[in-house]
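Numbering (our numbering), first residue to last: 1263 to 1724.
All C-beta atoms, glycine included, are put in the ideal place defined by N, C-alpha and C.
The structure presented is a predicted model; accordingly, all values stated were derived computationally and were not measured.
Structure, as structure tokens:
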Ligand SMILES: [Zn+2]
């Protein structure tokens, strides 16, 4: 039999839609099965027919529970994929929360469509909650660091990537070749997650690496989180932090608790306004309480029996009515709400009510993709289009980038330098500029032969 091949069905010259198909003879393994997100021309890929017969895929390997890595799985199952989905336990349980939310959003869109468009909107929904439930039955939890045979003569090992709870990078052995997929690579500076592990000391033939922050170095945060909070509190208004429900919200609560306790920041009420964050928080608490492998051992010891995510005056807003209460609140407070790039979700309502007030502060804490409202705020927009209205931006916008859970250029290259000259390296999961920057560094500093793969193209493994 000839060599295995790899085909990039997503995250090629873009950040989202991670889907990599490895084929050897008639064996097909898909690594990640993400949704495309962002600008309409990118998210339109979700509606295209999957380029491979879904039923012909033998197994799926999932690196972590972010939507751009797992969001298409229920559609794959709906269209005929019956094989196992291998992931860690926490990837599985968080993916279920993320996928249910995704199904809910898609059905909601269909529900609010004009009557004459309803049938079309229903059809446009990729999947519903029943499809998610079916897909979850195919998940198989695998321990980190355990090498298992997932198909005859195909071996899989997960390693901690330190990106979010349960997140991994993957070593896949197939057809006599060893492939390493970085998934999303953490920075080793997460306040309570451990990792990333170093690449294993085995011969790696092919590396498929992310490059989200490939063209930049985080080094000095633009504004320190504590400084941003203190300045915001001094302004007298309230504070809004748009944040992803998975991991970023937990990091922020963890930091707020620490800053309040150390009296580095005045303690004020904190509201989490994201039903998804509430569910995910349960898993994060459990992982720390049980001292799971993802958690730094010192943190697990320190918080035995203590809630690491309770900053004091703290409340989770579950229902829409509770969420609306926040808009009439006169007391100075911190609202943490999703989505993290303000592209949708409850945070858009808070922006609408808070942006026109000069004493308020919006603190940005994450990657803001092209086309997002978050990026417009980051770039100093004077007004923002929300729910059909132009909203003036009079509140202060603070940009705190110290929370990143993606390695930057130097960190990616340093981590990859532990791998001894793979025959091939493919750069994925980044905007074009980031991919080019990482490719150039790998070629010049490590003497690698890095390729930026084209969408859908098949590459033979050398
Ligand atoms: Zn991710």
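1. Roughly how many angstroms separate the alpha carbons of residue 1416 and residue 1704, rounded to a whole number?
2. With a Cβ-Cβ cutoff of 9 Å, do residue 1518 and residue 1532 count as a contact?
3. Would you report the Cα separation of residue 1700 and residue 1663, rounded to the nearest angstrom?
4. Cα separation between residue 1338 and residue 1621?
5. Taking residue 1422 as the reference, give the member of 1452, 1722, 1372 and 1277 with the closest Cα.
6. Do residue 1472 and residue 1444 come within 9 Å of each other at the CB atom, strictly closer than that value?
7. Any heavy atom of ligand 1 inside 8 Å of the beta-carbon of residue 1429?
8. Name, in chain order, the residues that DSSP records as bridge partners for residue 1641.
9. What is the DSSP secondary structure of residue 1656, reduced to helix, strand or coil?
10. If residue 1428 sits next to residue 1327, beta carbons under 8 Å apart, how far is it from one beta carbon to the other, in whole angstroms?
11. Specify whether the segment 1635-1651 and the segment 1521-1529 touch according to this definition: at least 3 beta carbon pairs, one from each stretch, less than 8 Å apart.
12. Is the separation between the beta-carbon of residue 1706 and that of residue 1478 shorter than 9 Å?
13. Compare the C-alpha of residue 1363 against each of 1394, 1351, 1640 and 1403 and name the closest.
14. Let's test the definition: count the other Cβ atoms within 10 Å of the Cβ of residue 1587 and tell me whether it reaches 16, buried, or not, exposed.
15. Which complete beta strand (DSSP E) runs does the segment 1445-1498 hold, if anything under 3 residues is left out?
16. Let me know the secondary structure DSSP gives residue 1364 once reduced to three states.
17. Among all residues, which have a Cβ less than 5 Å from at least one non-hydrogen atom of ligand 2, and in what chain order do they fall?
18. If you draw a straight line from the alpha carbon of residue 1645 to that of residue 1590, how long is it in whole angstroms?
19. Determine the DSSP secondary structure at residue 1422, reduced to helix, strand or coil.
20. Give the C-beta separation of residue 1657 and residue 1624 to the nearest angstrom, bearing in mind that I take them to be a contact with Cβ-Cβ under 8 Å.
21. Pairing CB atoms from the segment 1402-1418 with CB atoms from the segment 1343-1350, are three or more of them under 8 Å?
22. My guess is that residue 1598 and residue 1659 are in contact by the Cβ rule of under 8 Å, so how many angstroms apart are they, rounded?
23. Using CA atoms only, rank isn't needed, just tell me which of 1579, 1271, 1336 and 1520 is closest to residue 1561.
24. Cα-Cα, which of 1686, 1296 and 1617 is closest to residue 1643?
25. Between the Cα of residue 1541 and those of 1530, 1297, 1356 and 1329, spot the shortest distance and give me the residue it belongs to.
26. For a quick check, are the C-beta atoms of residue 1289 and residue 1322 less than 9 Å apart?
27. Using three-state DSSP, classify residue 1595 as helix, strand or coil.
28. According to DSSP, simplified to helix, strand and coil, what is residue 1537?
29. Pairing CB atoms from the segment 1679-1686 with CB atoms from the segment 1459-1468, are three or more of them under 8 Å?
30. Between 1387, 1627 and 1420, which has its C-alpha nearest residue 1407's C-alpha?
31. What do you get for residue 1318, buried or exposed, if any count of 16 or more other CB atoms within 10 angstroms of its CB means buried?
32. Under 9 Å, do residue 1543 and residue 1571 count as touching if we go by C-beta distance?
33. If residue 1296 sits next to residue 1330, beta carbons under 8 Å apart, how far is it from one beta carbon to the other, in whole angstroms?
34. Report the start-end ranges of each beta strand (DSSP E) in the segment 1273-1302 that is 3 residues or longer and not cut off at the edges.
In short:
1. 28 Å
2. yes
3. 20 Å
4. 48 Å
5. 1452
6. yes
7. yes
8. In the DSSP output, where bridge partners are listed per residue, residue 1641 has none listed.
9. coil
10. 6 Å
11. no
12. no
13. 1394
14. exposed
15. 1468-1471
16. helix
17. As far as ligands go, the structure on display features ligand 1 and does not contain ligand 2.
18. 22 Å
19. strand
20. 6 Å
21. yes
22. About 16 Å; that fails the 8 Å criterion.
23. 1520
24. 1617
25. 1356
26. no
27. coil
28. helix
29. yes
30. 1420
31. exposed
32. yes
33. 4 Å
34. 1282-1286 and 1289-1293
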